[in-house]
Amino acid sequence: MKKIITTTKAPAPIGPYNQAALSGNTLYTSGQIAINPNTGKLVLDSIKEETTQVMENLKEVLAAADMTFENVIKTSIFISDMNNFGEINEVYGNYFNEETAPARETVEVANLPKFVNVEISAIAVK
Numbered sequence: 061m062k063k064i065i066t067t068t069k070a071p072a073p074i075g076p077y078n079q080a081a082l083s084g085n086t087l088y089t090s091g092q093i094a095i096n097p098n099t100g101k102l103v104l105d106s107i108k109e110e111t112t113q114v115m116e117n118l119k120e121v122l123a124a125a126d127m128t129f130e131n132v133i134k135t136s137i138f139i140s141d142m143n144n145f146g147e148i149n150e151v152y153g154n155y156f157n158e159e160t161a162p163a164r165e166t167v168e169v170a171n172l173p174k175f176v177n178v179e180i181s182a183i184a185v186k
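For the sequence shown, the residue numbers in the working numbering are 61 to 186.
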């Protein structure tokens, strides 16, 4: 059985999906992009600010399920330009303890929703 996880502290879904679904002790988050949940506007001033907003949105979805980044066991990062990887990775790394960081893949894609530069999803376990 799954439980839908939602929070007003992260962007509302813009399609037929939810922010996250909890199945047993495992949380599956939808990909987060850099929408500021307070304004509904994209944060695209710099790749670092964009990535920070993505990670903050992800943090709020995790919190809605009573979890933190320490619970994350796998992330998927989709980026529009692999040349941004270093800056994205720098911001991403600030949210994890390097010794207990999750498994991860990073994939360059042709386009992302709303033509953003980065989208990140996670799987977490209590």
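The beta-carbon is built from N, C-alpha and C at its ideal position, and this holds for glycine as well. All figures in this text were calculated on a predicted structure; none of them were measured in a lab.
Checklist entry - CA-CA distance, residue 72 and residue 118? => result 12 angstroms
Next on the checklist: Going by DSSP in three states, residue 152 sits in which element: helix, strand or coil?
Outcome noted: helix
Checklist entry - Do the region 81-100 and the region 166-184 meet, that is, are 3 or more Cβ pairs less than 8 angstroms apart? => result yes
Checklist entry - Comparing alpha-carbon positions, which option in 64, 142, 102 and 152 lies nearest residue 129? => result 152
Checklist entry - To the nearest angstrom, how far is it from the Cα of residue 182 to the Cα of residue 154? => result 16 angstroms
Checklist entry - If we call anything under 9 angstroms between Cβ atoms a contact, is residue 63 one with residue 127? => result no
Checklist entry - Roughly how many angstroms separate the alpha carbons of residue 103 and residue 148, rounded to a whole number? => result 14 angstroms
Next on the checklist: Just to confirm, is the Cβ distance from residue 165 to residue 136 under 9 angstroms?
Outcome noted: yes
Next on the checklist: So for residue 134, helix, strand or coil by DSSP?
Outcome noted: strand
Checklist entry - With distances taken between CB atoms, is the gap from residue 133 to residue 162 smaller than 9 angstroms? => result yes
Checklist entry - With burial defined as no fewer than 16 other Cβ atoms inside 10 Å of the residue's Cβ, what is the status of residue 150: buried or exposed? => result exposed
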